[in-house]
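Novice:
Chains as they are written, first to last, in the working numbering: chain A, 3 to 297; chain B, 5 to 598.
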């Protein structure tokens, strides 16, 4: 894999800086002392087996959970522990299981994403001054731009629930982009997609990176993640096992072990094999004996 | 279950030409019979004894027969009548014929029961009944309007319901704009006439017939695609349509000679206004408020206490504008006080708290009588003798003659209440289609996702809740002056007389959540049915419950569906994928919290 896209720390500014993030639920430590930085213009992947704490870590970043320990900084400022304030600060996210506003239209979904970037409250909605109309028109224009970006401009009036699965995933990304984020968190953006759709999503994420938005992505599709990311971190049982370029992570034995298990040393399971063989032999003799009796 | 697309085989195997001719003949027969005497005595209300002059239920039957005949003739493709059926052609015939049969059958039944036996029926009634039966049975032989996919062996009921399906109308022919505006005016004129007729029905039999015929006729118009055409035109000329609706509403008192029915109309307006306010809270923001009527009470009591009545503990008299503002402000404060602690929670807590608040309000007001507590509200006796309003010498308590029409006291309040309703409609539509309205709907749809999109859930919900409370408070200030007395028992959770919290919620759900016209129609029906059919009073709540269950089964989106609900509950051409692929959106909940 290409290792050349790794950004040099001197030129890139740090967008996200999570240090020592720990999340405990009672006695269970779902995320333990994870450090992660994302720099401007970077696509960072987060991988790990099921239950490794990837989504919990995401939730800690976006304020849905308040981390038990540790700090999350966005462009140098510590993030407030409220999801809507995190979004306002400039971090937008999508969800692992799609959470669109199913009974709103495609356009309305994206317009809701504009919420933090517009100010019009109840009074201006009721009085409908020129400022309100200008802001609504601007929001519509921006939302349509985003729909064109993901290629759903012709379905703007459809209900979100009626979109095909792949379009729903794309719409969720557009909705997140509507808040003009500096960092986009994608939670399994290609889950359930076929190879073609995955490739389209890949292109989409590159295009988002080219818009100057840093991306942090959780994914299980290794080919996808190693093609896409500049840097990959692997979480195992809540701890960060390894972080580095896709090549480094791919080659790391511990990562392979975390997914596939450790190979046995020496003669694996010789005792067990012997035991099983003995038991089989014993049951075979018993069967022949019972067969003999019936005859 | 195996499904296949059926050819349009009619419910009854009659040749289509015969069926159409028989339907037309049956409808014509009934139409003619309405000019004959149906009974021998004028004891049956409406006097159906006169030959050559239809009265009461005969007029309604006449309307039903005429409609059936028109739709049938339109099915023949007669020039000049084709415009009647841009959508379905035969399903409206079936519905109109069913409505005709219902009205005719009801009339015959009512005459027989009330006068004691079928001997009281004159031949005219029999002719009418036979005609209606022929029309309906023959209409079942007309072909379906739409090919349908359904189970291989549909039951007779399924078959009948399938035969009522109709396609949406195609693209209409371009009309000059003056003609379209004329159509709007005519439609609202007819609407005003129909509503006025309903409010003015003098006896229960006529009202039942009215409900039957309007219910079926309106459904038939929907199936024929005329309503879709009309709504396309009204969307095009939105402001003209809204203005026409309010002009039509304002004309109502001029059609009345006495105050009797204007009072009903005022009460419907109060009920509808409050229901519309509740629709912001329930329909848009999705907050279940079971004690909404308490905010109406807060507004009414506030206005009553500063109205200058001798029964008030304060003995002050505020001008009306001040008491409206005060009532709105006090309701707002109560809304915030109730909402602030509970809206941080999710789920059903709000419903429980609001239910409690509704009862606390009623009981507290009942106890502030100088015995159990400080004397503020006179307890169960309430605040009587609230004086009539007086705007610059225009006394609301007296009759005035305007444009040669005598307008009674309630007509004044009707106009005032209409203004309040315009305010609420304006607030609803403007707030609903704005940033804040979208935030409300987003919160209703998925609160976690909404907060992740940067919406401050608590703040937005509190705004909806407080806005709803304020609007109810404003309606309450007018209500206090209309009723001239406020007592705690007017503000109960559930009772026989609307508005109460249960009926308000029912009006919203019956009419259609998230729409403007839905709660208005729901409130009108829920007020008129108990008011007109007083003999039902003992069974009223039973019937009400049954109606809600049937509604939830057959039309979960309410009578008037908003665009979203229509797409949500019914398949439309828009669905791009079968339902199976959508299942992933709801079932893939593997990680908590996200």
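For each residue, glycine too, the CB sits at the ideal point set by N, CA and C.
Return helix, strand or coil for residue 445 (chain B), following the three-state DSSP convention.
Specialist: Residue state, collapsed to three classes: helix.
Novice: Would residue 186 (chain A) and residue 227 (chain A) qualify as a contact pair, given that the criterion is a beta-carbon distance under 7 Å?
Specialist: Contact: no.
Novice: Can you find a C-beta in chain A that's less than 7 Å from the C-beta of residue 648 (chain B)?
Specialist: Nothing in the structure corresponds to residue 648 (chain B), since chain B is present only between 5 and 598.
Novice: Please return the same chain residues whose Cβ sits closer than 6 Å to the Cβ of residue 69 (chain B), not counting the five positions on each side in sequence.
Specialist: Contacts found: 31, 34, 35 and 104.
Novice: Residues in the segment 120–136 of chain A with C-beta within 9 Å of chain B's C-beta atoms, listed in sequence order?
Specialist: The residues in question are 120, 121, 122, 123, 124, 126, 127, 128, 129, 130 and 134.
Novice: Of all the options B:294, B:418 and B:56, which has the alpha carbon lying nearest to the alpha carbon of residue 269 (chain B)?
Specialist: Here the closest residue by C-alpha is B:418.
Novice: By Cβ distance, which residues of its chain are closer than 7 Å to residue 577 (chain B), with the 5 residues on each side in sequence left out?
Specialist: Since pLDDT at residue 577 (chain B) reaches only 44, below the 50 mark, its modelled position is unreliable, and the value read off the structure follows with that caveat. For residue 577 (chain B), where only same-chain residues beyond five positions count, there are no Cβ hits under 7 Å.
Novice: Quick one: list the residues of chain A neighbouring residue 457 (chain B), beta-carbon separation under 7 Å, in chain order.
Specialist: In chain order: 89, 114, 115, 117, 177 and 181.
Novice: Mapping the DSSP letters down to three states, classify residue 466 (chain B) as helix, strand or coil.
Specialist: In this structure, residue 466 (chain B) counts as helix in the three-state DSSP scheme.
Novice: Using only CA atoms, which one of A:44, A:48 and A:53 lies nearest to residue 32 (chain A)?
Specialist: Looking at the Cα atoms, A:53 is the closest of the given residues.
Novice: Is the separation between the beta-carbon of residue 92 (chain B) and that of residue 191 (chain B) shorter than 7 Å?
Specialist: Contact: no.
Novice: Does the separation of the CB atoms of residue 362 (chain B) and residue 290 (chain B) fall below 7 Å?
Specialist: Against a cut-off of 7 Å, the Cβ pair of residue 290 (chain B) and residue 362 (chain B) comes out as no contact.
Novice: Going by Cα to Cα distance, which pick from B:412, B:502 and B:364 is closest to residue 403 (chain B)?
Specialist: It is B:412.
Novice: Hey, how far is the Cα of residue 81 (chain A) from the Cα of residue 171 (chain B)?
Specialist: Approximately 54 Å, taken between the alpha carbons.
Novice: How would you call residue 184 (chain B), buried or exposed, if buried means at least 16 neighbouring beta carbons within 10 angstroms?
Specialist: When all chains shown are included, residue 184 (chain B) counts as buried.
Novice: Measure the C-alpha to C-alpha separation of residue 64 (chain B) and residue 113 (chain B) and round it to an integer number of angstroms.
Specialist: Straight-line Cα distance between these residues: approximately 15 Å.
Novice: List, from N- to C-terminal side, the beta strand (DSSP E) runs of 3 residues or more that fit wholly inside the segment 55–121 of chain A.
Specialist: Entirely contained in the segment 55–121 of chain A, the beta strand (DSSP E) runs reaching 3 residues are, in chain order, 71–76 and 93–95.
Novice: Within its chain, find whatever has a CB closer than 7 Å to the CB of residue 217 (chain B); leave out the 5 residues flanking it on each side and keep chain order.
Specialist: Cβ neighbours of residue 217 (chain B) beyond the five flanking positions: 64, 67, 68, 103 and 107.
Novice: Using 7 Å as the threshold, is the C-beta distance between residue 515 (chain B) and residue 502 (chain B) below it?
Specialist: The answer is no: Cβ separation not under 7 Å.
Novice: Can you give the Cα-Cα distance for residue 551 (chain B) and residue 564 (chain B), rounded to whole angstroms?
Specialist: If you take the alpha carbons of residue 551 (chain B) and residue 564 (chain B), they lie about 16 Å apart.
Novice: For residue 206 (chain B), tell me which candidate among B:130, B:75, B:536 and B:179 has the shortest Cα-Cα distance.
Specialist: Cα-wise, what sits closest to residue 206 (chain B) is B:536.
Novice: For residue 85 (chain A), which residues in chain B fall below 7 Å Cβ to Cβ?
Specialist: In chain order: 455 and 456.
Novice: Taking all protein chains shown into account, do 16 or more other C-beta atoms lie within 10 angstroms of the C-beta of residue 189 (chain A), making it buried, or fewer, making it exposed?
Specialist: Buried: at least 16 other Cβ atoms inside 10 Å.
Novice: As a quick exercise: from B:119, B:38, B:308 and B:200, pick the residue whose alpha carbon is nearest that of residue 133 (chain B).
Specialist: The shortest C-alpha separation from residue 133 (chain B) is found at B:38.
Novice: Less than 7 Å separating the beta-carbons of residue 180 (chain A) and residue 88 (chain A)?
Specialist: Taking 7 Å as the Cβ cut-off, residue 180 (chain A) and residue 88 (chain A) do not qualify as a contacting pair.
Novice: Where are the alpha helix (DSSP H) runs, 4 residues long or more, that stay fully inside the segment 211–288 of chain A, in chain order?
Specialist: For the segment 211–288 of chain A, whole alpha helix (DSSP H) runs of length 4 or above, ordered along the chain, are 224–230, 248–253 and 255–262.
Novice: Output the residue ranges of the alpha helix (DSSP H) runs that lie fully inside the segment 215–247 of chain B and measure 4 residues or longer, sorted by chain position.
Specialist: Correct list: 230–240.
Novice: So what does DSSP say about residue 19 (chain A), is it helix, strand or coil?
Specialist: Residue 19 (chain A): strand per DSSP, three-state reduction.
Novice: Please compile the residues from chain E whose C-beta is within a distance smaller than 7 Å of the C-beta of residue 450 (chain B).
Specialist: The chain inventory of the structure shown lacks chain E, comprising the protein chains A and B.
Novice: Should residue 307 (chain B) and residue 327 (chain B) be called a contact, given that it needs their Cβ atoms to be closer than 7 Å?
Specialist: Yes, the pair counts as a contact, with Cβ atoms nearer than the cut-off.
Novice: Let me know the alpha helix (DSSP H) ranges lying completely inside the segment 155–181 of chain B, each 4 residues or longer, listed in chain order.
Specialist: You should have 160–167.
Novice: Looking at the unbroken alpha helix (DSSP H) that takes in residue 111 (chain B), where does it start and where does it end?
Specialist: From DSSP, the alpha helix (DSSP H) with residue 111 (chain B) extends over 94–119.
Novice: Any beta carbon from chain B within less than 7 Å of residue 147 (chain A)'s own beta carbon?
Specialist: Answer no: the Cβ-Cβ gap between residue 147 (chain A) and chain B never drops below 7 Å.
Novice: Which same chain residues, not among the five before or five after residue 544 (chain B), have their C-beta less than 7 Å away from its C-beta?
Specialist: Cβ neighbours of residue 544 (chain B) beyond the five flanking positions: 500 and 534.
Novice: Return the chain-ordered list of same chain residues with a C-beta closer than 7 Å to the C-beta of residue 248 (chain A), the five sequence neighbours on each side being excluded.
Specialist: Hits under 7 Å: 3, 228, 231 and 234.
Novice: Could you list which residues in chain A have their beta carbon closer than 9 Å to that of residue 471 (chain B), in chain order?
Specialist: Per Cβ cutoff of 9 Å: 124.
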